[in-house]
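Chains A and B, in that order, give the protein sequences. So for the first sequence, our numbering puts the first residue at 1; every next one is plus one. So for the second sequence, our numbering puts the first residue at 1; every next one is plus one. Structure first, commentary second.
Number of protein chains: 2
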Amino acid sequence: MRGAVLYGRRDVRFEERDVPTIIKPTDAIIKISVTCVCGSDLWPYRGVNPVPEPTPMGHEYCGIVEEVGSAVTSIKPGQFVIGSFFASDNTCPNCQVGYQSSCQHAEFVSTAQAPLLRIPLADGTLVATPDVPSDDMVPSLLALSDVMGTGWFAADAANVKPGSTVVVVGDGAVGLLGALSAKQMGAKRIIAMSRHESRQKLAREFGATDIVTERGDKGVARIKDLTKGIGADSVLECVGTQESMMQAISSTRKGGYVGYVGVPHGVELNGENLFYSHVHLHGGPAPVRRYLPELIKLVWSRKINPGKVFDLTLPLDQVAEGYRAMDERRAIKTLLRP
Amino acid sequence: MRGAVLYGRRDVRFEERDVPTIIKPTDAIIKISVTCVCGSDLWPYRGVNPVPEPTPMGHEYCGIVEEVGSAVTSIKPGQFVIGSFFASDNTCPNCQVGYQSSCQHAEFVSTAQAPLLRIPLADGTLVATPDVPSDDMVPSLLALSDVMGTGWFAADAANVKPGSTVVVVGDGAVGLLGALSAKQMGAKRIIAMSRHESRQKLAREFGATDIVTERGDKGVARIKDLTKGIGADSVLECVGTQESMMQAISSTRKGGYVGYVGVPHGVELNGENLFYSHVHLHGGPAPVRRYLPELIKLVWSRKINPGKVFDLTLPLDQVAEGYRAMDERRAIKTLLRP
């Protein structure tokens, strides 16, 4: 079969890869219905993270179960399933408290931009939908595999409650779905920080009530203006740079909450500044598995449509163009069809 | 009148100071019943914080109201009162959400090691006890002015709940009272990290169930041993150094909570490490005012006796010895009688 392999900076190739097979009795093989390119894939693609050797890519997936190992009991061939980018046993102490992305046996799923995918710990990782979904629903189900679950975790970690004033830092797919999550959780006001027209539009469609185009100190000043000088109750940090993190912390009211899900790159927090900011800080790799049953229900009942973040659809063999379009911000998120 | 003045490294003097008077109509003057030396006073005393000029000292106090300004309505001369080290109006948006130590009009109370003290924003800052207390209760009421409220905030910020497993990093007065707070909040297991016998004893008296004498990585390994490899639900950081902060974060389970109240000195948190630690982080200068009514009730009904942290009592004119004894760790906390 052929799949995506990253060779180095801005060099992603569609080439022959081994067909995955059951290695452990807890594995499953799924036939990918759709996969996609993640904002976090751009870190190595842009050379920010080193790529020491040719690396198969992709960690977002949904599809039909093709085969299961002998120990798998809860998932059957023919079912349509979704899983997180972290495989998890869903039984260890970390999983039991809802942190499946810190599962004691977590394995990163990293070869999803391909027609077939091996999933370790299938019972703990995969969640089946009630039935095989109609085609139009599939992009929204795919979004649950990472970006929707991650946006939801950001909002949850930022303690969004009915009536909250929320700021979203970052207008990538995760930030946009953070706005959608905040709306679902009952936020009264959702301020999206974005300077890209198409993203602003989608943010508004997802529930943003205000758009702030300024960044850094000017962005913080604008948030303070909009919140009577106090700052927001909840701020979702969906980028992962020093600037975005400081922007998030400084936009939060005393005693407010920062939910951070942007993978930090070069972020250092000064203890004293953090101390006097009086914010709550929580984040990390989103425990997507925790939210899958709830989010599948919301998509299945058509209450949310996170698949709207896919504004470019390509056949999988054009994966290189999919990366390029996101790198150049021509696309928010690229959906790939094997 | 005479009070404590810090001149520089290990040079605290008892000398003539101006008698405080009402400056603003919202002020009160109180006659100090007892005051004390704080662990945080040791930072400038040890030369860690610079002392650019002779500085009156002391921020913990309780006593009898002597005089109030014309705008003060809730406090009357003759009442016994306690206040936080941060004066607050208790009405601004930050106060309303319980962060009085970040009051928009906060003033640090910094001249309490003296017979008389001016309190700004008296209505918002001071809380009167039901009556003038008996002498034996006064040390416990004094403790509410900072260390007890700070330990309580650490436990609250660390989300201590009935049944929690709690670690306390730091065996100063705040750490010890953090253990007492965790006990009051229903913690099942309280692990105090301490290598000083007298402090271990008091920690146990306050509710600690285990003592860990190791520090740093060895300390973390010991906590992991004691918690089936998982880490604690709640960790109270009551020191403020890089080592203690990392010890706290690393001792916390995935999804657990770190409440940090040690004033950070040179602490830098690596964003990526924090991200993958999956902990909740909250802290800052304790909003002692928020907790005063509740804590006064607990002391008044003799349910808690935080005054036990005072293991040295001196007349105020021996304040220099009070600092020395704490600096040399001969005393946990020095109570001073004007």
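Don't be surprised by glycine CBs; every beta carbon is placed ideally from N, CA and C.
Using only alpha-carbon positions, find the residue among the options that is nearest to residue i.
{"i": "residue 349 (chain B)", "options": "B:98, B:257 and B:67", "result": "The structure shown does not extend to residue 349 (chain B), since chain B is modelled only from 1 to 338, so the question has no answer here."}
{"i": "residue 323 (chain B)", "options": "B:199, B:33, B:39 and B:281", "result": "B:39"}
{"i": "residue 31 (chain B)", "options": "B:130, B:115 and B:327", "result": "B:115"}
{"i": "residue 293 (chain B)", "options": "B:236, B:73, B:224 and B:84", "result": "B:84"}
{"i": "residue 306 (chain B)", "options": "B:206, B:74, B:282 and B:200", "result": "B:206"}
{"i": "residue 76 (chain B)", "options": "B:164, B:26 and B:101", "result": "B:26"}
{"i": "residue 132 (chain A)", "options": "A:326, A:314, A:189 and A:296", "result": "A:296"}
{"i": "residue 310 (chain A)", "options": "A:170, A:17, A:337 and A:302", "result": "A:337"}
{"i": "residue 275 (chain A)", "options": "A:254, A:263 and A:283", "result": "A:254"}
{"i": "residue 278 (chain A)", "options": "A:290, A:269, A:256 and A:284", "result": "A:256"}
{"i": "residue 155 (chain A)", "options": "A:122, A:190 and A:142", "result": "A:190"}
{"i": "residue 82 (chain A)", "options": "A:70, A:215, A:112 and A:55", "result": "A:112"}
{"i": "residue 304 (chain B)", "options": "B:312, B:329, B:4 and B:181", "result": "B:181"}
{"i": "residue 291 (chain A)", "options": "A:63, A:120 and A:90", "result": "A:90"}
{"i": "residue 28 (chain A)", "options": "A:325, A:123, A:244 and A:197", "result": "A:123"}
{"i": "residue 108 (chain A)", "options": "A:146, A:196, A:128 and A:129", "result": "A:146"}
{"i": "residue 312 (chain B)", "options": "B:172, B:3 and B:330", "result": "B:330"}
Could you check how far apart the C-beta atoms of residue i and residue j are, in whole angstroms? I think they sit under 8 angstroms.
{"i": "residue 6 (chain B)", "j": "residue 57 (chain B)", "result": "5 angstroms"}
{"i": "residue 150 (chain B)", "j": "residue 261 (chain B)", "result": "5 angstroms"}
{"i": "residue 153 (chain A)", "j": "residue 248 (chain A)", "result": "Rounded, the Cβ-Cβ distance is 15 angstroms, inconsistent with contact."}
{"i": "residue 299 (chain B)", "j": "residue 158 (chain B)", "result": "That pair is no contact at about 22 angstroms."}
{"i": "residue 170 (chain B)", "j": "residue 235 (chain B)", "result": "That belief does not hold up - the Cβ atoms of residue 170 (chain B) and residue 235 (chain B) are roughly 11 angstroms apart, past 8 angstroms."}
{"i": "residue 177 (chain B)", "j": "residue 199 (chain B)", "result": "Incorrect: roughly 12 angstroms between the Cβ atoms, too far for contact."}
Taking only beta-carbon atoms, is residue i less than 8 angstroms away from chain A?
{"i": "residue 343 (chain B)", "result": "Missing from the structure shown is residue 343 (chain B); chain B here goes from 1 to 338 and no further."}
{"i": "residue 230 (chain B)", "result": "yes"}
{"i": "residue 264 (chain B)", "result": "yes"}
{"i": "residue 272 (chain B)", "result": "yes"}
{"i": "residue 282 (chain B)", "result": "yes"}
{"i": "residue 97 (chain B)", "result": "yes"}
{"i": "residue 85 (chain B)", "result": "no"}
{"i": "residue 245 (chain B)", "result": "yes"}
{"i": "residue 80 (chain B)", "result": "no"}
{"i": "residue 102 (chain B)", "result": "yes"}
{"i": "residue 206 (chain B)", "result": "no"}
{"i": "residue 275 (chain B)", "result": "yes"}
Starting from residue i, follow its DSSP beta bridges and name the residues at the other end.
{"i": "residue 86 (chain A)", "result": "A:108"}
{"i": "residue 5 (chain B)", "result": "B:13 and B:56"}
{"i": "residue 167 (chain B)", "result": "B:191 and B:235"}
{"i": "residue 210 (chain A)", "result": "A:191"}
{"i": "residue 127 (chain A)", "result": "A:82"}
{"i": "residue 31 (chain B)", "result": "B:64 and B:116"}
{"i": "residue 258 (chain A)", "result": "A:235 and A:281"}
{"i": "residue 36 (chain B)", "result": "B:335"}
Tell me the rounded alpha-carbon separation between residue i and residue j.
{"i": "residue 221 (chain A)", "j": "residue 250 (chain A)", "result": "9 angstroms"}
{"i": "residue 271 (chain A)", "j": "residue 210 (chain B)", "result": "29 angstroms"}
{"i": "residue 42 (chain A)", "j": "residue 144 (chain B)", "result": "52 angstroms"}
{"i": "residue 320 (chain A)", "j": "residue 33 (chain A)", "result": "19 angstroms"}
{"i": "residue 242 (chain A)", "j": "residue 267 (chain A)", "result": "5 angstroms"}
{"i": "residue 208 (chain B)", "j": "residue 332 (chain B)", "result": "17 angstroms"}
{"i": "residue 174 (chain A)", "j": "residue 11 (chain B)", "result": "55 angstroms"}
{"i": "residue 233 (chain B)", "j": "residue 280 (chain A)", "result": "16 angstroms"}
{"i": "residue 78 (chain B)", "j": "residue 21 (chain B)", "result": "17 angstroms"}
{"i": "residue 265 (chain A)", "j": "residue 246 (chain A)", "result": "13 angstroms"}
{"i": "residue 230 (chain B)", "j": "residue 118 (chain A)", "result": "29 angstroms"}
{"i": "residue 72 (chain B)", "j": "residue 93 (chain B)", "result": "21 angstroms"}
{"i": "residue 45 (chain A)", "j": "residue 9 (chain A)", "result": "5 angstroms"}
{"i": "residue 88 (chain A)", "j": "residue 101 (chain A)", "result": "7 angstroms"}
{"i": "residue 186 (chain B)", "j": "residue 35 (chain B)", "result": "30 angstroms"}
{"i": "residue 49 (chain B)", "j": "residue 163 (chain B)", "result": "39 angstroms"}
{"i": "residue 86 (chain A)", "j": "residue 167 (chain B)", "result": "29 angstroms"}
{"i": "residue 23 (chain B)", "j": "residue 194 (chain B)", "result": "45 angstroms"}
{"i": "residue 179 (chain A)", "j": "residue 204 (chain A)", "result": "9 angstroms"}
{"i": "residue 37 (chain B)", "j": "residue 95 (chain A)", "result": "45 angstroms"}
{"i": "residue 59 (chain B)", "j": "residue 219 (chain A)", "result": "37 angstroms"}
{"i": "residue 142 (chain A)", "j": "residue 327 (chain A)", "result": "21 angstroms"}
{"i": "residue 283 (chain A)", "j": "residue 213 (chain A)", "result": "24 angstroms"}
{"i": "residue 74 (chain A)", "j": "residue 52 (chain A)", "result": "37 angstroms"}
{"i": "residue 340 (chain A)", "j": "residue 237 (chain B)", "result": "Missing from the structure shown is residue 340 (chain A); chain A here goes from 1 to 338 and no further."}
{"i": "residue 69 (chain B)", "j": "residue 14 (chain B)", "result": "28 angstroms"}
Is residue i close to chain B, meaning its C-beta is less than 8 angstroms from at least one C-beta of that chain?
{"i": "residue 105 (chain A)", "result": "no"}
{"i": "residue 93 (chain A)", "result": "yes"}
{"i": "residue 278 (chain A)", "result": "yes"}
{"i": "residue 255 (chain A)", "result": "yes"}
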